[in-house]
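Those letters in the sequence shown? Residues 42 to 110, by our numbering.
C-beta: ideal position from N, C-alpha, C; glycine also.
Since the structure is predicted, the reported quantities are computational estimates derived from the model, not experimental observations.
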Amino acid sequence: MTLAEDGKFTCCSINGHWEYIDGTTIVISYGNIVETYKVTPAWDWQLDEPTLSITGKDQYGVAVWGKKL
């Protein structure tokens, strides 16, 4: 998943847009799909450094989480 500074979102072959709603909430939209996630600071124990984590559920209730690499 890529969240570009210009608001573009890409994930595999999916393209869309994203935006911050507040300090920790982002909304990703593509086609007629809208997903809301929380972005928070985290510790990457694998790389032993700070990172950002993303977590939430899509509109179908499927849990999604990840970290910034």
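Beta bridge counterpart(s) of residue i as assigned by DSSP
i	result
N56	T51
Secondary structure of residue i, DSSP reduced to three states
i	result
A45	coil
T65	coil
V103	coil
G72	coil
W84	strand
Contact set for residue i: own chain, Cβ-Cβ below 8 Å, skip 5 residues either direction
i	result
N56	K49, F50 and Y71
Contact set for residue i: own chain, Cβ-Cβ below 7 Å, skip 5 residues either direction
i	result
A104	K98
Buried or exposed (CB count within 10 angstroms, at least 16 for buried), residue i
i	result
L110	exposed
I62	exposed
(message) Count Cβ pairs between the region 61-80 and the region 90-97 that sit closer than 8 Å; are there 3 or more?
(response) In short, these stretches touch, since the Cβ pair count reaches three.
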